[in-house]
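Here the sequence shown is numbered in our numbering, starting from 99 and rising by one per residue.
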Amino acid sequence: MIIFYLIKKFSEKGLTFLTKFKLKAAILGVLLIGGLASSLGIEAFLETRNITHFFGLEVMEWTNLYRLWLPTFMSAIIAQIIMKISPEPKSWSRALIIIILLGITGRYLVWRATSTLNLATPLDGVFSIVIYGIELFFIFSLTVQLCLSLKIKDHSAELVPHPSPVLGKNTEFTPLVDIFIVTYNEPSFFIRRTVVGCQALDYPHKNVYVLDDGNRPEIKALARELGCDYITRLDNRYAKAGNLNNALVQTTGKLIAVFDADFVPTKNFLRRTVGFFQDEKMGLVQTNQSFYNADPVAKNLGVENILPEELENFYRYYQRLRNTVGATICNGSSFVVRRSHLEEIGGFVTESVSEDYFTGIRLTAKGYRLIYLNEKLSAGLAAENMSCYMIQRLRWCRGTLQAFFVNSNPLTIPGLLPIQRLANLEGILFWLTPIPRLILLITPFLFFVFNLEPYQVSSSDFIYFFMPYYILNILTFAWLNYHARSALISDIYSVSQCVPASIKAIEVLLNPFSERFKVTPKGISQKDFIFNAKLATPILILLGINLISFVNNFNIFFQPKLGINALLNQQFINSNILLFILTIYNLIVLAVSILIMIDAPQPDVYPSFDLQKAVKVYSDENVITGITRRISEVAAEIELPQLLKKDTLIEMEILENKLKLKARVKETVLNKNSCQTRVEWEQVSLNDYRNIVEMLFCTPNQWKLIKTPGELNCLWLLVRVLFKPKFLFKRRKS
């Protein structure tokens, strides 16, 4: 413990030095990767079988199994001790883990380049270098992220506690805020909920506007009923950006808060964001976004109560990295922007479907600050099925990759720092990762068909170089991203969308502006499981070709020289065995991805919440005390000590909120010691509806963090999912 205390102190002192030179470190890493790639090209041209001699590196052949596993054990033990002492990443612990990771990764890269590539034939050489190039692609992203994460900034401490929103002061700073609720074709109940939530904001000077790009009479009537302003236009030019710019010239607030039609803020949203704008250079404050329903991937697998929402990894980890260097991404909702700075850059950017991202780029390029506030101050609707999910992700893919073709290109626009360009480059390249991931899924089949040998790896080298790299990355993955995502679950999400995302990425690079803005459908309900054949077909094909590879390589384990027992002592691991292992992994993730394409039922469009609140039920002059189990905008499930007849009209008082609602009993289930009763609200007044929305969506600090299970638990979770799929067992129960 004394040693680790000294290391901690040393790392805290050295952290300032490291963060000052993180740009140089990142650039050095890129240059090293480029140098390795150039060397490989030279060796391929010379048709050298392997290139160990070229680098002068001869890998030692150990015969002692203990010494072979020593790097793996040592790095894993040190990492585990650091993470045990510091369960959440702190400056010192994060720096130590990053240093170890970079060292192990560099060691692995040199070994891969000098000892594993097979350049015996042109075809072997091409495939061998392509696989290594894919690894370099992913390691480049990892290196940039690690360098950015050396010094995480947290802006929450800059604001004094509620109710004052002022930075470090005790006086009020409350400029007029225009709240824009952007809508096109969303159902009216979404807009009603969001307007009520925005009107409930604890802030004195605000105007709420519904920006209806659908020009719908019913939405205009809704705005009049709720007492907010309504803005529309005759055309839909430039989609969401055009809608926002149309409202920009018709309003006057010094600050503008933007919410999508489905996002409801907590009451303290403006109290926690407006104060930052005392800094005249502050251009935009983006907040963390929560979701009040499960994403379709987790829901279809039946693990929605165990896994964090997919975008948690982005908000909990990735945004914090970018915030470190002033490269925060504007996400299109739940942000506040200064009007004068926005007008200076010509309003919201209209040259891409990702108007939010490029508006942030332009503000940064003008020298204004964009910060990320890692507080859950709003919640919206996650995509409700896999079709909606894919529409949304492909729109993000198209919008981000359009960066290469617009004037707001973060790689070329004047005014950005080199480290900001590097951070944006890594973010743009993220949307190209489906292509190499798809290649890895078809790799075993290609190598089988063409009889290729892409690796030359001895068993001792494999243990000595690969295992420390792999094990350490797996061990630290979730810890580094604040337990937002495990490595295994991350790959499941990646594989489930890699085919359409790869096609979309190539399409955008060839024809970046061929599609108009597509709004993600909302308010979808379905009563049964639905198999999404269109999205599942390419995954079924991938599953089939991996199954062919599996069957044709299975006989490896029955060859006398490569039996299971012989493998442990074999000095040379055949490429087919490594590819066989990859095939098994591919089969698992592809099988899970097929299950993801079976959309689970969603009979109700209104989200319900697990809320335990004491209630009194008044029925026929009887007063019954109970407790709620779930509550939504239209219904509740209550646990009562006695049975109520179906269709009985009751009055229910939620004691904590002092809210009385009339309801009708719709369903009762008698248990051993209680009665589970489902009721639906009747004759809900506007004032009662406001109270319901505030109770369900607007309470500060109500959106909690969920930590992802560990890697082994996630593996067990997926095994359970495969052998007990939701679509079979839920249907049987029903």
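Where a beta carbon is used, it is the ideal one built from N, C-alpha and C, also for glycine.
- DSSP, reduced to helix, strand and coil, places Tyr567 within a helical segment of the structure shown.
- Residue pairing of Ile469 in beta bridges, as defined by DSSP: Val383.
- The C-beta distance from Ile646 to Phe528 rounds to 31 Å, too long to meet the 8 Å contact threshold.
- Close CB contacts of Cys296 within its chain, under the 6 Å cut and outside five residues either way in sequence, are with Ile277, Val306 (chain order).
- Contact between Pro512 and Ala463 holds, since their C-beta atoms are separated by about 6 Å, short of 8 Å.
- Around the beta-carbon of Gly642, fewer than 16 other beta-carbon atoms lie within 10 Å, marking it exposed.
- In this structure, Asn398 keeps its C-beta atom at 7 Å or more from the C-beta atom of Ile198.
- Judged by beta-carbon spacing, Leu274 lies beyond the 7 Å limit of Arg370, meaning their Cβ atoms are not closer than that value.
- Secondary structure note for Tyr487: its alpha helix (DSSP H) is the uninterrupted segment 484 to 499.
- Runs of the beta strand (DSSP E) lying entirely within the segment 587 to 663 and spanning at least 3 residues: none are present.
- In the assembly as shown, Asp393 is a buried residue. Its beta-carbon has 16 or more other beta-carbons within 10 Å.
- Across the structure, Val555 and Ser600 are spaced so that their CA atoms are roughly 30 Å apart.
- Between Phe548 and Ala480, the C-beta gap is not smaller than 7 Å, which leaves the two residues out of contact.
- A Cβ-Cβ separation of about 44 Å leaves Ile682 out of contact with Leu709 under the 8 Å criterion.
- Straight-line measurement puts the Cα of Met380 at about 49 Å from the Cα of Phe225.
- Its Cα nearest to that of Ala218, the residue Pro552 stands out among Pro552, Gly478, Asp454, Cys796.
- Here Ala521 carries a helix assignment [DSSP, helix/strand/coil].
- By the criterion of at least three beta-carbon pairs nearer than 8 Å, the segment 175 to 186 is not in contact with the segment 502 to 518.
- Between Pro701 and Lys625 the beta-carbon gap is near 5 Å, inside 8 Å, which marks them as a contact.
- Contact between the segment 602 to 621 and the segment 280 to 287 is present: three or more C-beta pairs spanning the two stretches fall below 8 Å.
- According to the DSSP assignment, Trp779 belongs to the beta strand (DSSP E) that extends over 773 to 779.
- Counted as a single uninterrupted DSSP element, the alpha helix (DSSP H) harbouring Met172 occupies residues 163 to 183.
- For Asn650, the CB contacts under 6 Å within the same chain, skipping 5 residues up- and downstream, are Phe546 in chain order.
- Considering only Lys758, Gly724, Thr775, Ile725, the residue with the shortest C-alpha distance to Lys744 is Thr775.
- Rounded to the nearest angstrom, the Cβ distance from Ala319 to Ile329 is 15 Å, too far for a contact under 8 Å.
- In its chain, beyond the 5 residues on either side, Gln500, Phe503 have a beta carbon closer than 8 Å to the beta carbon of Phe611.
- According to DSSP, Arg437 shares a beta bridge with no other residue.
- DSSP, reduced to helix, strand and coil, places Pro542 within a helical segment of the structure shown.
- In the structure shown, Phe361 adopts coil according to DSSP, grouped into three states.
- Around the C-beta of Phe707, fewer than 16 other C-beta atoms lie within 10 Å, and the residue is accordingly described as exposed.
- In this structure, the CA atom of Glu737 is about 50 Å from the CA atom of Thr457.
- For Glu751, the beta-bridge partners assigned by DSSP are Lys714, Lys758.
- Comparing C-alpha distances from Val782 to each of Pro798, Pro807, Ala733 shows the shortest one belongs to Ala733.
- Take Asn630, set aside five residues on each side of it, and the residues of its chain with a beta-carbon closer than 7 Å to its own are Met484, Ser485, Met695, Asp697, in chain order.
- Secondary structure note for Tyr328: its beta strand (DSSP E) is the uninterrupted segment 327 to 330.
- Ranked by Cα distance from Val687, the options Val617, Ser588, Leu784 are led by Ser588.
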